[in-house]
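One structure below.
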Amino acid sequence: MFELKRYLVGEIQTNCYILYNDDTKECIMVDPGDEGKRLYKILEDEGLTLKAILITHAHFDHICAAQFIADKTGAKIIAGSDEKESFLNDVINLTGYYHGQSPKVDVFYDDGDEISLIGLSIKVIFTPGHTIGSVCYYIDSEKLLFSGDTLFNYSVGRTDFPTGDKDAIVRSLNDRLMKLDDDVKVMPGHGPDTTIGFERENNPFVL
Numbered sequence: 001m002f003e004l005k006r007y008l009v010g011e012i013q014t015n016c017y018i019l020y021n022d023d024t025k026e027c028i029m030v031d032p033g034d035e036g037k038r039l040y041k042i043l044e045d046e047g048l049t050l051k052a053i054l055i056t057h058a059h060f061d062h063i064c065a066a067q068f069i070a071d072k073t074g075a076k077i078i079a080g081s082d083e084k085e086s087f088l089n090d091v092i093n094l095t096g097y098y099h100g101q102s103p104k105v106d107v108f109y110d111d112g113d114e115i116s117l118i119g120l121s122i123k124v125i126f127t128p129g130h131t132i133g134s135v136c137y138y139i140d141s142e143k144l145l146f147s148g149d150t151l152f153n154y155s156v157g158r159t160d161f162p163t164g165d166k167d168a169i170v171r172s173l174n175d176r177l178m179k180l181d182d183d184v185k186v187m188p189g190h191g192p193d194t195t196i197g198f199e200r201e202n203n204p205f206v207l
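In full-length UniProt numbering, the protein residues as written are 1 to 207.
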């Protein structure tokens with residue numbers, strides 16, 4: 001059995017997720033944007049072993065605690081391969097403006113790759129638009145999608161940051177994410193969770 005917990009972190013209240021295997025206490029963390037000491041204490045208090053940190057895109061509010069937590073736990077940092085340059089550029093990832101730290105990514109995955117972690121198969125879906133290398137992570141067995149800042153409840157992510165592309169995010173939403181089943185639960189980078197079915201009927205960016 002798997003359990004999912006959400007924690008709001010940082011000044012922009014980013015959703016950071018911890019998904020753990022209730023039997024083994026192994027877990028993954030998605031988008032630790034800030035408050036690394038707090039997140040590490042949660043892992044310790046819950047007796048969880050962090051196996052990997054999954055990053056949906058290289059913006060400061062999704063990455064700034066990743067290196068601290070990786071150094072404390074030995075967890076690997078994972079991201080999409082089209083975001084490589086963004087992690088290295090503090091203007092693109094905005095850490096230069098917010099005095100944050102961009103992490104050293106251990107493994108970059110390509111579109112369609114399957115990652116085996118904590119007893120789950122996690123599919124990497126490239127969804128450019130909010131950034132050039134934005135990805136979503138989909139777990140079919142759990143009907144669960146971590147959508148980063150690509151898909152929100154009733155909306156999509158901003159595209160006015162470096163490497164953003166409005167047309168691309170609309171294509172990512174319609175050509176990639178709307179191919180998923182209606183009952184897939186969507187866990188976004190900000191705001192409340194939703195479902196693919198709800199967004200199909202209510203999101204103004206769905207064509």
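C-beta atoms are modelled at their ideal positions from N, C-alpha and C, and glycine is treated no differently.
All of these numbers come straight from a predicted model, not from anything done at the bench.
Residue i to residue j span [Cα, whole Å]
| i | j | result |
| --- | --- | --- |
| Met187 | Asp82 | 22 Å |
| Ile196 | Asn202 | 10 Å |
| Cys27 | Val206 | 33 Å |
| Asn153 | Gly191 | 7 Å |
| Asp111 | Asp167 | 19 Å |
| Asp45 | Gly157 | 33 Å |
| Glu11 | Gln101 | 15 Å |
| Leu4 | Ile139 | 12 Å |
| Phe198 | Ser155 | 11 Å |
| Gly80 | Asp181 | 23 Å |
| Ser86 | Gln67 | 16 Å |
| Leu1 | Leu54 | The sequence given here has Met at residue 1, not Leu. So the alpha carbons of these two residues sit roughly 20 Å apart. |
CB of residue i within 8 Å of CB of residue j, strictly
| i | j | result |
| --- | --- | --- |
| Ile69 | Met29 | yes |
| Lys185 | Leu144 | yes |
| Gly36 | Ala65 | yes |
| Ile118 | Tyr137 | no |
| His59 | Leu94 | yes |
| Phe161 | Thr127 | no |
| Gly164 | Gly133 | no |
| Asp106 | Val124 | no |
| Tyr40 | Lys84 | no |
Integer-rounded CB distance, given that residue j should sit under 8 Å from residue i
| i | j | result |
| --- | --- | --- |
| Phe146 | Thr24 | Going by Cβ atoms, the distance from Phe146 to Thr24 rounds to 20 Å, so no, they are not a contact pair. |
| Ile42 | Tyr98 | 23 Å between Cβ atoms; not a contact. |
| Ala75 | Lys51 | 6 Å |
| Leu173 | Thr150 | 7 Å |
Boundaries of the alpha helix (DSSP H) in which residue i is found, first to last residue
| i | result |
| --- | --- |
| Ala66 | 66-73 |
| Arg200 | 196-202 |
| Ser86 | 84-88 |
| Ala168 | 166-171 |
Limits of the unbroken beta strand (DSSP E) element including residue i
| i | result |
| --- | --- |
| Thr49 | 49-54 |
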